[in-house]
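In UniProt numbering, the protein residues as written are 1 to 180.
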Amino acid sequence: MAHEGTDRTGSFGAEEITEAYAAFHERVAGFTASGDWHGYADLFTEDATYVEHAYGTFRGREEIRAWSVRTMTSFPGRLMTGFPIAWQTVDVERSRLICEVGNPMPDPGDGSVHSESNLTIMTYAGDGLFSREEDVYNPLRFLRTTLRWAAVAEAHGRLDDEGRAYVAAYGGAYGGTSGG
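Structure follows, in structure tokens:
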């Protein structure tokens, strides 16, 4: 339904959705800086759904919390230095914000840049909370980028035991050097 004086065609206007996501993104920056991801799930409604193409679908805050804490406090998630947004757009009719998010890793020791991006689809539910997130990306590209980063980090004495175990488990035929 349209409201005079706004660009509102869904339940929420573009400005509200954009502001809610900016606040969400600011909180994510705090989780990244602190390494404590327990509060991430609290940015969603109690019955939210999180669709993660490599890890599965998580329903409800507590499944989202368990997944985000486990993933973002272990290799390689814990190494991501931030999640810069390349672009974003709002689909007011569906109360969604769609954006391209970078996933940069720190300098592995030679000044090289290692990052992959994903498309994120956020569904806004009001009161600053989101009811759904879906991250769309190519898991193989992320794996290859991580393995390339790990090879450089190892050569510069910056790869820890957890990183070495990841490479041993997932490196296989990819070897971390093939193109993405």
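Cβ coordinates follow ideal geometry from the N, Cα and C atoms, glycine included.
{"Check": "Separation of Asp127 from Glu26, as counted between CA atoms", "Outcome": "16 Å"}
{"Check": "Thr45 in three-state terms, based on DSSP", "Outcome": "strand"}
{"Check": "For Asp107 and Ile98, believed in contact at Cβ under 8 Å, the rounded distance", "Outcome": "Contact flag wrong, Cβ pair sits at about 30 Å."}
{"Check": "Three-pair Cβ contact test at 8 Å for the stretch 144 to 154 versus the stretch 27 to 44", "Outcome": "no"}
{"Check": "Beta-carbon proximity check, Tyr21 vs Met122, cutoff 7 Å", "Outcome": "yes"}
{"Check": "Spatially closest choice to Leu140 from Asp160, Glu93, His53 and Arg96, by CA coordinates", "Outcome": "His53"}
{"Check": "Met80 - DSSP class collapsed to helix/strand/coil", "Outcome": "coil"}
{"Check": "Reference Leu159, options Asp110, Asn118, Tyr137 and Phe130, closest by Cα", "Outcome": "Asp110"}
{"Check": "Sub-7 Å separation of Glu100 and Ser112 beta-carbons", "Outcome": "no"}
{"Check": "Range covered by the alpha helix (DSSP H) that runs through Gly30", "Outcome": "Ala14 to Ser34"}
{"Check": "Cβ shell of Tyr50 (< 6 Å), same chain only, five flanking positions each side left out", "Outcome": "Phe58, Ile64 and Glu133"}
{"Check": "Segment limits, beta strand (DSSP E) that includes Ser68", "Outcome": "From DSSP, Ser68 is part of no beta strand (DSSP E) but of the alpha helix (DSSP H) over Arg61 to Met72."}
{"Check": "Cα-Cα separation, Tyr124 to Trp67", "Outcome": "21 Å"}
{"Check": "Bridge partner(s) assigned by DSSP for Met105", "Outcome": "Met105 pairs with nothing; no bridge assigned."}
{"Check": "Distance, Asp135 Cα to Leu119 Cα", "Outcome": "6 Å"}
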